[in-house]
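Numbering (the numbering used here), first residue to last: 1032 to 2271. Worksheet: the structure to be examined is printed underneath.
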């Protein structure tokens, strides 16, 4: 053919370039066939020599997986392109793939280029007019090639083509990782499409692509067969004449390889390069780590620009007259826009104190260089020195903030408002701080017109999770603002540090105080609980000190700078506090040395670590500083010194520096840390562990005089979410259709089984009824409603009820209490005291001893409970020899009791309950409920859903989902003020529910909103938009079980009693309103600030407490082990049934919630135990002695007295477990008695 079309990849020939060239060449070939036959020859050309091909280990591996060997490829050294272009008989057409620039040696190809496909930003000097260009900023060039191929030749896209294209996209976007920040929407769409074709039979396509990604990365990191010379050319790019070497390992590890620096020298010399940049990358256990190094072959000058201007911290520094090597720890510059302009910060993260009009000039419009709606955020009031308004941006986690940008409201030429000045406020460690610069100024320069952007470099960067822009004006002025924040994610995990206050007058009159410290100053000498210049990422320069004059100056005009210094002291002690336990590799310090001004580095550095901040390891890590012999003794310079911490684990770091001269100047302290899964165990014995020996091929050995300093790696943890993650969920139509089909079949089979089971249950129920009644008993015995869930529980039918004269053969379930004719009126306190007096609840050994039979034959199940055997001897209750004990009847068991195994099987729809709510276990719909009239049920906050940020999904109810959320800017009913952040529980209805259900939900929530008590969790707001929901109060420390797990000292009995008093107080309030709780347990008691207990009702919807509930065949939860017998068997919901549950809750709390009630019993055995209560006639716990003639085989059991439970309290619990509800105390009496008990 006279036409030859060359598809040319870039000079790196990485996986993206190689695959893109192959697939694009195939696409060009198919284009020729569609146009009537091949009119040109297409050659995909690998832009490297064949001898270099083996260096691309990932390319070799991936192509071999698809049976593409090197013999099938064409390499650059196999074709003389220059000679081919000079051949007048041939027309050469070049398609550039994965690059759009040509090096000087390929300039002869310029006129032959006909098409360009690249995913990088277009360089101004390479515009390619009159050529076909496909240039778009996406994660991978393969994305563009795949899109074009699928559009042009959809019939040719098979599984092999799809798998080929998937590889480079996954590698270039780091498996579509949000942390890497490379993947765009187009990448997600193409990967989704390719996945469905490449893996049609795989259900979990995400796992398969992740596996593919790791296989390629592993192949890329395989350097076992490569030399150091090979590594330098494996992934080489040339930019502006500077070689940029991409290494498959960290640079820190590369320089440890034998002869690595020698290879680097030869590499630069052969290419006549004065500067070489090395970029390292390592993927280990899903974590991405990077580092960067600059190697210069120019003579070093101390006046050269410092790397701090690029926000790169020095890792290793070796400087001589002919060679300079600097290994740095960060590839990302901490001056990146955080997303106001691009939209990475969502609208719901931008709030304001007020807005003139929410839609047009609300806070969501405050995006710089955007003309959205009204064009900016405008506060409602005019700004003046007396009026304060603010714009707040929530970054969700700590960032280091380095720059800001502001702009006025242009409004397409109609706007006239801008802010001439503003304050900055930032949020960290649960409080707001006001920013000030090096000069101490708090007011920052704003804008001078509505359209120009004013960029402010913060000379004292700060760490914050939220930032406020507060416009300022001395005179009343209408202002509007658009803003942007620049910085980076704060990876130091540092909470605060404490240090001595720096000197106000330092060398040459400089101010050496920590200007940006935002903590507390104690006694004008010590700084505590803050962060400042020692951790702001800025490396100070010597010129900042030398630029000030020597004459004595006052503190008012002393020069401020980025150094912190101390003088005339033997040591300086600094303590660093981290968020959590960390594993410390090393620590680096940036210090100054100016001999002429008596400024020297420290002579000794000692570092101790501690887990709790009180007990530090006995042997510190030590570093003795030595002067650099390459520099004259009187040369002023900076130094980065490092001390290895040998993987010690701790949360607090105490650092002590010994001064050598009059002054010690420190600019930056950096820790290299990592999270440790076994930090706790390692921390416990780290003081006894032997220090690890230094590696023989350590960095110091290789580089000679180089100082080992900290490498702050960028570790992108897979478990750490991005500040504002972009949703990557993808819809797989085929998979969803299959799941729907399977689900439909499942429910069909389930319905058939339920129908058959229902028939069996009817027969079983008729059999049970026949066992309970005589021949005259009605066959259609009525069934009652259940307690919490509206289930039906079988009730013992009353036979022969019509004949009142007939002798009773059934037990009297609720006989009225017998009262003496001599009863007199007494005070509540006297009644309570008598109720729980020892005379009334005598448990003398003669009366409390129990003879227990050797076995309980009525428990049919072969469990530990059924097999318990007790000696037939008496024992005292105070000795507590068993976990459970039988109750004491005073009548014989009624015959004819049925097994309780099927009492929870009646269908829900057969027994509707108008008094139970689907949205709360509280019995709030009963007509006997007495709601407070002093509270307006309609006066409930209405909030928008954007004020809620989901923290965790707790579970779901039959109405919808339940989430743990962070609420922003809603009123706290406890404090009566708007709280910026509070943790709440949100119950949301399913989307698209019918209006009737939404109306019922709203009515019930209005009732709950009327409950106002310090010990009852409140409903504080309604969510008005879809999905509708309600916001409930939640505790700072979670619920009681979680509190006890996290508690350091769970043996504080006084604290336990305080909890009981508060729970009783909350229940007393509900009792006064005649509202039964129906799910009282420790899991429903939340702990707020000051250890205040609030009774809640959320646990029934929490998945983590599913094991606390009996879940029937219709997925209804029943707190069986906490319920009174009449609630289980007769479906009677009442406050007196809550009394029973309260006693069980007391038992839980006194055992620190480590056990569930009746842990040795199965559900069936617990139900049968309830049945024994029913059989036991008019028995009352603790009021009757044992009758040795009574049959004890079928007696109910109660929970045994906990070890820390006083006898008086256990008597209360026994009284709460009285069979007759009339004999149980009220919560008012319990609360009063507990208060008296705690006073004693």
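C-beta: ideal position from N, C-alpha, C; glycine also.
If I measure Cβ to Cβ from residue 1413 and keep anything under 7 Å in the same chain, skipping five residues before and after, which residues do I get? 1507, 1508, 1509
C-alpha gap between residue 1327 and residue 1400, whole angstroms: 39 Å
From 1641, 1621, 1705, residue whose alpha carbon lies closest to that of residue 1699: 1621
Please report the residue range of the beta strand (DSSP E) in which residue 1994 lies. 1991 to 2003
In whole angstroms, what is the alpha-carbon distance linking residue 1212 and residue 1957? 56 Å
Does the distance from the C-beta atom of residue 1517 to that of residue 1454 stay below 8 Å? no
Mapping DSSP to helix, strand and coil, what is residue 1618? strand
Extent of the continuous beta strand (DSSP E) run through residue 1464: 1462 to 1465
Looking at C-alpha atoms only, which residue of 1280, 1548, 1314, 1290 is the closest neighbour of residue 1324? 1280
With DSSP as the reference, label residue 1796 as helix, strand or coil. Legend: pLDDT at residue 1796 = 44, less than 50; position of this residue unreliable, no value from coordinates given.
Inspect the beta-carbon positions of residue 2124 and residue 2003 and report whether they are closer than 8 Å. no
Uninterrupted alpha helix (DSSP H) stretches inside the region 1170 to 1198 (no shorter than 4 residues): 1172 to 1183
Starting from residue 1492 and walking both ways along the beta strand (DSSP E), at which residues does that stretch end? 1485 to 1503
I need the DSSP call for residue 2100, collapsed to helix, strand or coil. helix
List the endpoints of the continuous beta strand (DSSP E) containing residue 1549. Per DSSP, residue 1549 belongs to no beta strand (DSSP E) and is neither H nor E.
Excluding five sequence neighbours on each side, which residues of the same chain lie with their C-beta closer than 6 Å to the C-beta of residue 2175? 2153, 2188
Run through the DSSP bridge pairs and tell me what residue 1268 is partnered with. 1275
Counting pairs of beta carbons, one from the region 1479 to 1492 and one from the region 1435 to 1447, are three or more of them closer than 8 Å? yes
Ignoring anything shorter than 3 residues or poking outside the region 2018 to 2063, list the beta strand (DSSP E) runs there in chain order. 2050 to 2054
Length-filtered (4 minimum) alpha helix (DSSP H) runs lying within the region 1379 to 1416: 1389 to 1392
Where residue 1138 sits in the DSSP three-state scheme: helix
Counting Cβ pairs closer than 8 Å, one from the region 2037 to 2044 and one from the region 2009 to 2025, do we hit at least three? no
Nearest-angstrom Cα distance between residue 1075 and residue 1305? 34 Å
Residue 1095, buried or exposed, once every other Cβ within 10 Å from all chains shown has been counted against 16: exposed
Classify residue 1458 as helix, strand or coil using the three-state DSSP reduction. strand
Which one of 1469, 1978, 2177, 1948 has the shortest CA to CA distance from residue 2106? 1948
Would you give the residue range spanned by the alpha helix (DSSP H) that residue 1051 belongs to? 1046 to 1065
Nonlocal neighbours in the same chain, by C-beta distance under 8 Å from residue 1374, ignoring five residues either side: 1398
Nearest-angstrom Cα separation, counted from residue 1266 out to residue 1044: 8 Å
Since residue 1301 is in the alpha helix (DSSP H), which residue starts that stretch and which ends it? 1291 to 1301
Residue 1127, enclosing alpha helix (DSSP H) - first and last residue: Looking at the DSSP string, residue 1127 is not in any alpha helix (DSSP H); the run it does join, the beta strand (DSSP E), is 1122 to 1128.
Cβ neighbours of residue 1143 in the same chain (closer than 7 Å, five flanking residues each side left out): 1116, 1123, 1124, 1125
For residue 1625, I'd like the list of residues in its chain whose CB is within less than 6 Å of its CB, leaving aside the five on either flank, ordered along the chain. 1667
With a threshold of 7 Å, establish whether the CB of residue 2261 neighbours any heavy atom of the ligand HEM. Ligands in the displayed structure: none, and consequently the ligand HEM is not present.
So residue 2074 is in the alpha helix (DSSP H); what residue range does that whole segment cover? 2071 to 2077
Could you tell me if residue 1581 is buried or exposed, where buried requires 16 or more neighbouring beta carbons within 10 angstroms of its beta carbon? Confidence is the limiting factor: at residue 1581 the pLDDT is only 43, short of 50, which leaves the residue's position unreliable and the question unanswerable from this model.
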